[in-house]
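Just so you know, the sequence shown maps onto residues 108 to 661 in the numbering used here.
For each residue, glycine too, the CB sits at the ideal point set by N, CA and C.
These figures come from a predicted structure and were not determined experimentally.
Here is the structure we will look at, set down as structure tokens.
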Amino acid sequence: MSPVLAGVLQLLALIVALGLSYRPLGDHMAKVYSSEKHLRPEKWIYQAIGANPSVEMRWPAYLRGVLAFSAVSVLFLYLLQRVQGSLPGSLGFVSIDPDQAFNTAASFVANTNWQSYYGEQAMGHVVQTGGLAVQNFVSAAVGIAVAVALVRGFARSRTGELGNFWADLVRGTVRILLPISVIGALVLVACGAIQNFSGIHEVGQFTGGSQQWNGGAVASQEVIKELGTNGGGYFNANSSHPFENPNGLSNLFEIYLILVIPFALTRTFGRMVGSLRQGYAILGTMAAIWVGFTALMMWAEFAHNGPAFDLAGGAMEGKETRFGIGGSSLFAVATTLTSTGAVNSFHSSYTGFGGGITMLGMQLGEIAPGGVGSGLYGMLIMAIIAVFIAGLMVGRTPEYLGKKIGTREIKFAALYILITPALVLCFTAASFVLDTPQHSMTNSGAHGFSEILYAYTSGANNNGSAFAGLNADTQWFNTTIGIAMLLGRFLPMVFVLALAGSLAEQTPVPETAGTLRTEKPLFTGLLVGTILIITGLTYFPALALGPLAEGLAA
């Protein structure tokens, strides 16, 4: 079987698996967030944290819940790393330095999972399992909760109430993420991923020394890392490590985990707003971009430009032979079009255009299908922008799902789409103005520029993947990327929840002959075009200095 055919068959198998999961999972999530009943374990959690899950919240109260919970999480994870040297199960590792502890705490709470450390050489069992893995669950649940709050803003009228944050947080964790993770961890163990609490042990003697490995609860952390679109690897090699991702089957399963909830949330959206066709329109937009990016990536990496490429069947540098170009390309696109950031190959070793595709996927806003929760609310923001543009073209007040998109709503949407590019481009520019950050670059020229642009793109978009080649474990990068991760995660949530509150207060507008049919393929095409044009206008100059220049020079 040719490598190209193998890659296409993997893509088709993935589409079938996602299609089979779409309806049951989407309907289940709609029921979870619409139910008025509380499970017994959930009641215990509410009692422990002193929350009343039945009290409805307006958007400022909902936002305070998000920010308060996340602030406490950052503080807890920071302190846990700072005292690691005194904890049992630390495997002899010392406490984490302050700047790196801040960076890691911000990273995992912001659902970014950027890592400037070697996981197997820095973090013990308690920090890995009791700190990082826990944040993988709750940070993902926070993202879904904010998305559901925005959906309620569309579905409700004449009220500013968006639900209860604590109920949404707990339900997302207990009823969605935990059950799937238990089953997924068993699948990964069956595929060969490890799951233990063993210490450090030698695995062989070599010339000049020996090699050591430590065990860990890898399968359970790996599954929520992908399912929650988190991305932090137990080992430095991330999902290219055989203990995390043993073979081609586990690789395809992990890609499925990355995509399944973000895609299924479009059906949840359709159910909750009372129109499955609206959900299908959003799904069609996400799927069109995802398939298009996957095809472009495979073309870029399979292209033969010399005898070395011919012998290897494509650009195999930086890729695992057990996954090949097809499995690596699928993973790279899935992880950068979502906010996952896990990698099974080194993106820095991709072709110039291939590396640019991974970067562009994040710069779209990671909305195809995007992160768990964040992909849906990001796409809905872009839908509002598309409706606004359509309204300008025909001279009609824009409407979406029966809600008028007025001055207030468009301001919130505009602020949402501007904050992340501002963080990315300003921090990238500052890194080249100052001398010290440039010393962290392994490469010069266009590729070196791409290293730093990719780092801030990954951090501000809550992705967490790295271009490799950049030494990010410095005070400058630990601090600035940490700030970019926190602002890039929580400032957009402010505008999303404010928009949700504004929409929920409105009285529905009756549909007329002049109403834009947002469930039709025409609107899907308009939405795709809007996303590509806005991203192109924002990032094209920076991309021209990095991956485009490198790709054209190859």
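For the pair M405 and V190, the Cα-to-Cα distance works out to about 45 Å.
Fully contained in the segment 208-253 is no beta strand (DSSP E) run of length 3 or more. Remark: C-beta atoms of A247 and L276 do not approach each other more closely than 7 Å. Residue burial annotation: H348 is buried, with at least 16 other C-beta atoms found within 10 angstroms of its C-beta. Across the set T236, Q319, T336, L593, the C-alpha of T236 shows the shortest separation from the C-alpha of P195. Going by beta carbons, G571 and G448 fall inside the 7 Å limit. Runs of the alpha helix (DSSP H) lying entirely within the segment 321-347 and spanning at least 4 residues, in chain order: 325-334.
If you draw a 10 Å sphere on the C-beta of P205, you find fewer than 16 other C-beta atoms in it, and that means exposed. When the beta-carbon positions are compared, T564 and G391 stay at least 7 Å from each other. Only buried fits L633, as 16 or more other CB atoms lie within 10 angstroms of its CB. In the DSSP annotation of this structure, the continuous segment of the alpha helix (DSSP H) that includes T631 starts and ends at 628-652.
Using a Cβ distance threshold of 7 Å, T445 and M136 do not count as a contacting pair. Taking the C-beta atoms as reference points, F430 is found nearer than 7 Å to N358. If the five residues before and after T549 are omitted, its C-beta is found closer than 6 Å to the C-beta atoms of G576, all from its own chain and listed in chain order.
Secondary structure note for G172: its alpha helix (DSSP H) is the uninterrupted segment 166-189.
By the neighbour-count criterion, in which a residue is buried when 16 or more other Cβ atoms sit within 10 angstroms of its Cβ, F304 is exposed. One alpha carbon belongs to R282, the other to L655, and they sit about 44 Å apart. By the 16-neighbour rule on beta-carbons within 10 angstroms, A651 is exposed.
In this structure, the straight-line span from the alpha carbon of R515 to that of V494 is close to 15 Å. Straight-line spacing of the CA atoms in M379 and F209 works out to 38 Å. Taking C-beta atoms under 8 Å as the contact rule, V233 and S197 qualify, at a distance of about 7 Å. Looking at the DSSP output, E309 sits in a beta bridge with Q319. Nearest in C-alpha terms to W273, of all of Q582, V255, S193, is V255. In the DSSP assignment, Q302 falls outside any alpha helix (DSSP H) and carries neither an H nor an E.
Note that the segment 289-296 does not touch the segment 259-270; fewer than 3 beta-carbon pairs, one per stretch, sit closer than 8 Å. Bounds of any alpha helix (DSSP H) do not take in V450, whose DSSP letter is neither H nor E. When rounded, the separation of the alpha-carbon atoms in V310 and I203 is 26 Å. As the crow flies, the alpha-carbon of N568 is around 7 Å from that of Q470. Of the other Cβ atoms in all chains shown, 16 or more fall within 10 Å of the Cβ of Y646; this residue is therefore buried. When the beta-carbon positions are compared, F400 and I432 stay at least 7 Å from each other. Collapsing the DSSP output to three states places L257 in a helix.
Within 10 angstroms of the beta-carbon of Q117 lie 16 or more other beta-carbons, which makes it buried.
Relative to the Cα of I301, the nearest Cα in the group M592, L606, V173, P353 belongs to P353. Judged by their CB atoms, P160 and H145 are nearer to each other than the 7 Å cut-off. Membership of F200 in any alpha helix (DSSP H) is not indicated, and neither H nor E is assigned to it by DSSP. For I307, the closest alpha carbon among the candidates A660, L403, W320 is that of W320.
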